[in-house]
Amino acid sequence: MKLMGVINLDHELDQLNELTYFRAGAAVPFAGRYRLIDFALSNMMSAGVQDIALFVRRKYRSLLDHLGEGRPWDLDRKRGGLFVLPPDWNDPTDISAGDLQHMHNNRDFFDRSTGEYVVHSGSQHLSKVDFCDLATYHKKSGADVTVVYKHIDLPEAEHDPCFRVEVGEDGFVTGIHNEKGHHNVYIDLFIMEKSLFMQQMEYCIAHGDSYFFRDAILKNPNGLKIAAYEYKGYHAVINSVESYYKNSLELLDQEKYNQLFSKDMPVHTKIKYEAPTKYLEGADVRNSLVANGCRIAGEVEGSILFRGVKVEKGAKVINSIIMQKCVIEAGAIVENVILDKDVQLTENRTLVGDSRRPFVIAKRSTI
Amino acid sequence: MKKKEMIAMLLAGGQGKRLKGLTKSLAKPAVYFGGTYRIIDFPLSNCTNSGIDTVGVLTQYEPLVLHSYIGVGSDWDMDRKNGGVFVLPPHERENGSSWYRGTADAISRNLKFIDQYDPEHLLVLSGDHVYKMDYNKLLDYHKEKGADCTISVINVTLEEAPSFGMINTHDDLRIYEFDEKPKQPKSTLASMGVYIFKWDVLRKYLVEDIDKPDSESSHDFGKDVVPKMLEDGLSLYAYPFEGYWRDVGTIPSLWEANMDLLNDEPELNLNDPEWRIYTRNPNEPAQYIAPEAKLKNCMVNEGCTVCGEVERSVLFYGVEVGEGSVITESVIMPEVKIGRNVRIHRAIVDQGKVIPDGTVIGEGREDDSEILLINGDTPY
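Sequence lines, in order, name chains D and L. Quick note, the first sequence lines up with residues 0 to 366 if you use numbering that gives the first Met the number 0. Quick note, the second sequence lines up with residues 0 to 379 if you use numbering that gives the first Met the number 0.
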C-alpha cells in the first residue's frame with residue numbers, strides 16, 4: 000500500500016504572538032532543536048512516505064530555509080520527495096477557494112505520485128501515529144475515509160478550536176463537531192484513497208466550498224463512510240503561546256520525553272554542526288533539556304535551552320524556553336519567559352513572566 | 000576532469016596499535032574524539048574550510064566504519080560534481096595485488112586518481128591528528144618559497160622529540176635533514192604529517208620508488224621519499240604551524256586531549272563559526288538533565304540522559320548516566336549505558352558498553368595515573 004502525504008497549513012492560525020509574527024506556526028522552534036513541522040514530516044518518513052506536498056500560504060521564508068530540499072527527512076529523491084507549494088496560481092478561470100485552491104492548483108502533484116492513499120495532516124498536533132498501521136486499519140475497515148482522534152480526559156483551552164469525533168459502537172463516525180466538552184479530539188489527520196480524494200476535491204470546488212475537511216468530511220454531503228482510528232500515544236496541540244509553553248515544559252517529564260523521542264520513530268531535523276554543550280565551573284543545571292553548542296556557567300532549572308545558548312556566571316534561567324543563540328549575561332535572571340532566537344539579556348537584568356502566561360520576547364531583541 | 004590547483008590525499012589506513020582495544024574493529028582515524036567527532040573529521044573539515052574540495056582517503060585496516068562514515072562526503076560538503084571525497088582502498092591490478100606497503104606506496108598506487116585532476120600541488124595529510132589548520136596558508140608559503148616540498152612542523156620539547164619525526168633546518172627554514180624518532184634530537188621542530196609537494200616532482204619520485212624491492216625501500220614518505228629528495232638537493236622547507244595539534248595515538252594522549260577541551264577557553268575551540276568541525280550528526284534529541292543531576296566542567300552531547308553526577312568528563316551522544324552514579328575525569332563514548340550508583344574515575348569507556356548498577360571503576364586506586372580502558376573485553 001503506497002502512501003503519499005499532504006501537510007496542509009492553510010487553516011492553521013498563527014496565534015503564537017511574537018513567535019509567529021514572522022514565521023508560520025509550523026516553523027516555530029520546539030524541544031531544543033526542532034521545528035513543529037519536523038514531527039509531521041518525521042512520522043511520514045517513519046512510514047516510508049516519499050511524496051509529500053506542503054501547502055503553505057504565508058510567512059514561509061523560515062520554513063523554506065529549514066526544509067531545503069528535504070534531505071534530513073530523506074526526501075531529496077530522484078522521483079517524488081518533498082514539494083513545498085506556496086500559492087502560485089494564474090488560471091483566470093479558477094474558481095477554487097481556501098485550501099481547495101492548493102489542491103486544485105497542484106493537481107499535478109497528485110496525478111504524478113504513485114501513491115494510492117493520501118495521508119493528510121496539519122502541523123499543530125504533535126503525535127507519533129504509525130501511518131502504516133493507520134493505512135492498514137483504514138483498508139480493513141472498508142471506509143471511504145478514516146479520521147484519527149485522541150481521547151482527552153480533561154480537555155483544556157488548547158483543545159477548544161479542535162474538532163471532536165463522535166464514534167459509534169461499530170467504530171464508524173456518527174458525527175464531527177466542535178462541542179468543547181467532548182473528549183474525542185480530532186488530531187488533524189485523515190487518510191483516504193487518492194482517487195476518492197480527487198473526486199471529493201472536484202465536488203467541493205464545484206459547490207463553492209473552501210475547506211476540504213469541513214466541507215467534504217465533516218458536512219459529508221456525499222455520505223462517505225467515515226471510520227475513526229483511536230490514537231493512544233503522545234499528543235500535544237500547539238496553537239497558542241500558553242499551549243506552546245505548557246507542552247514544551249511537559250517534556251521535562253522523562254516519560255513524555257521518551258514517548259516523543261522514542262528510538263523506533265526518531266524525529267529528524269535540519270542538521271547544525273555545533274560542538275557538544277559545555278558545563279563550566281559554577282554550572283548548576285537541573286530538570287532541563289539542553290541542545291548542543293550551549294555554554295553554561297550559571298543556574299538552569301526546569302527549562303529548555305536551544306542550540307548555542309550562553310548562560311553566564313551567576314545568571315539564572317528558571318522555567319523558561321531559551322531559543323537558539325540567546326545570551327543570558329552575568330547576573331541576569333529569567334523566569335517563566337520565552338526568548339525567541341538571538342535575544343540578548345544584558346547583565347543583572349530580571350525578566351519574570353506568569354507561570355501560566357509566559358512573557359515572550361521577540362527575535363533579536365536586546366534587553 | 001577539470002584541473003585543480005591542489006587536491007589532498009588523506010592517509011587513513013593505520014591501525015593505531017597503541018590505542019589498544021579502541022581500534023579492534025576500526026581504523027585509528029575513525030576513533031571518537033571530543034564528544035561527537037571522529038579524528039578524521041579534523042583533516043576533512045580543515046580541507047572544507049580551506050576550500051579544498053577533492054580528497055582521496057586511503058584506507059586499509061578495518062575500513063568498514065570509515066567507509067560508511069564518509070559516505071558521499073555530504074557532511075563535509077564534499078558531495079561535489081567536480082571533485083569530492085573518494086575512498087581509495089588497495090585494489091587488484093593487472094600485475095598482481097598487495098596491501099599498501101607504506102605511506103608513499105598508498106599514493107603511488109593511486110596515480111590515476113590524482114592525474115585525473117592534473118594538480119599543481121598535492122597535499123598529503125594524515126588521519127591521525129586533532130588540529131585546526133588553514134592549508135591555504137601552507138600553500139601560499141609553499142608557493143612563496145618555490146619549494147618542491149613543504150612540511151608543516153610544530154614546536155615540541157626536547158623531551159618529546161624522540162617520539163616524532165624531527166625536521167632539521169637552516170635558519171631560513173630550508174630543511175637539510177629528516178630525523179625519524181631521533182635519540183639525540185638536533186631541533187625541536189616535529190613533522191605534523193602534513194606535506195605539500197609539487198605534484199610533477201613527487202610523481203617522479205613515486206614512480207621510481209614503487210618499483211624498488213621492499214629490501215631497498217619501505218615506501219614511506221618520512222623514511223624514503225623525503226630523505227631521497229634531500230639527498231638529491233631538492234628545495235624542501237619547513238612551515239612553522241602555531242596552534243593546537245595533538246597526536247591522539249595512545250590511551251593517555253587521547254584522554255588528555257579530551258580533557259583539554261574542558262578548560263574555560265580551550266586552545267582547540269570547537270565552536271568557532273568561522274572554522275566549523277563537521278561530523279556525521281547522529282540526530283539525537285536534546286540532552287535530558289534530570290532534577291537530581293549535577294554537571295560541572297564537562298562536555299555533554301545530545302541524546303544523553305543524565306541522572307547522576309558528571310565532573311571533568313566528556314559524554315558522547317546517547318549516553319545514559321543512572322541515578323546516584325558519579326563520573327569523574329572520564330571519557331564516555333557513544334551509547335554507553337551507565338546504571339545506578341556506578342562510580343567511574345579516570346577511564347575511557349568504549350562505545351555501547353553497558354555498565355551494571357553499583358560497578359566501581361578506577362576509584363580508590365592508590366595510583367590513579369593510569370587511564371583505564373573499559374571496552375567489550377571488560378567482563379561485565
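Glycine included, every Cβ here is placed at the ideal spot set by N, Cα and C. Just so we're clear, the structure is a prediction, and the values are computed from it rather than from any experiment.
In this structure, the CA atom of E346/D is about 33 angstroms from the CA atom of D13/D. In the three-state reduction of the DSSP assignment, G83/L falls in the strand class.
When C-beta distances to chain D are compared with 7 angstroms, the residues of the segment 239 to 272 of chain L below that value are D263, L269 and N270, in chain order. Between I370/L and A346/L, the alpha-carbon positions lie close to 5 angstroms from each other.
Looking only at K271/D, G281/D, E280/D and A296/D, the smallest Cα-Cα distance to A290/D is reached by K271/D.
In this structure, DSSP gives G24/D a helical state, which the three-state scheme calls helix. Around Q350/L, no beta-carbon contact reaches into chain D at under 9 angstroms, the shortest distance being about 16 angstroms. As computed with DSSP, K315/D is found in a beta bridge with E298/D and I332/D. Using a Cβ-Cβ cut-off of 8 angstroms, H267/D counts as an interface residue toward chain L, since at least one Cβ of chain L sits closer than that to its own. Counting every other CB atom within 10 Å of its CB across the protein chains shown gives G297/D a total of 16 or more, marking it as buried. Per DSSP, the unbroken alpha helix (DSSP H) holding Q198/D starts and ends at K193 to A205. When DSSP assignments are scanned along the segment 55 to 115 of chain D, the uninterrupted stretches of beta strand (DSSP E) that are 3 or more residues long and fall wholly within it turn out to be 80 to 84. Annotation for K1/L: N81 place their beta carbon closer than 7 angstroms to its own, counting only its chain and skipping 5 residues before and after. Listed along chain L is no residue with a C-beta nearer than 9 angstroms to that of S45/D; the closest approach is about 13 angstroms. Taking all protein chains shown into account, E328/L has 16 or more neighbouring C-beta atoms within 10 Å of its C-beta and is therefore buried. If you look at I366/D, you'll find it isn't in any beta strand (DSSP E); DSSP assigns it neither H nor E.
Flagged as an interface residue toward chain L: G31/D, by a C-beta distance shorter than 8 angstroms. Cβ neighbours of K222/L within its own chain (closer than 7 angstroms, five residues either side excluded): E179. Within the segment 189 to 219 of chain L, no residue has a Cβ lying closer than 7 angstroms to any Cβ of chain D.
Under the three-state reduction of DSSP output, I250/L falls in the helix class. Your pair H182/D and P154/D checks out as a contact, with CB atoms roughly 7 angstroms apart and the cut at 8 angstroms. Of the candidates E311/D, L223/D, N318/D and F130/D, F130/D places its Cα closest to the Cα of L40/D. For M5/L, there is no enclosing alpha helix (DSSP H); the enclosing beta strand (DSSP E) has its first and last residue at M5 to L10. For A274/D, the nearest CB of chain L lies under 8 angstroms from its own CB, placing it at the interface with that chain.
Going by beta carbons, L62/D and A26/D fall inside the 8 angstroms limit. The alpha-carbon separation between D147/L and D52/L amounts to approximately 22 angstroms. Proximity of chain L to Q253/D at the Cβ level (cut-off 9 angstroms) is accounted for by Y287, A289, T304 and C306, in chain order.
Annotation: L251/D to Y287/L spans about 8 angstroms, alpha carbon to alpha carbon. As DSSP reads the structure, R37/L sits in a beta bridge with Y31/L. For the C-beta of M132/L, not a single chain D residue is nearer than 9 angstroms; the gap to the nearest is close to 18 angstroms. Around I204/D, the same chain offers I94, S95, L99 and H103 as residues with beta carbons nearer than 7 angstroms, after the five sequence neighbours per side are excluded.
The alpha-carbon separation between N286/D and K245/D amounts to approximately 15 angstroms. Comparing alpha carbon positions, the residue from A160/L, S151/L, D170/L and I174/L closest to M191/L is S151/L. Apart from sequence neighbours up to five positions away, the residues of its chain that approach S122/D with a beta-carbon distance below 7 angstroms are I6, L8, E11, G24, A25, L35, I36 and A39, ordered along the chain. DSSP lists I51/D and V118/D as the bridge partner or partners of G4/D.
Rounded to the nearest whole angstrom, the CA to CA distance from G79/D to D50/D is 5 angstroms.
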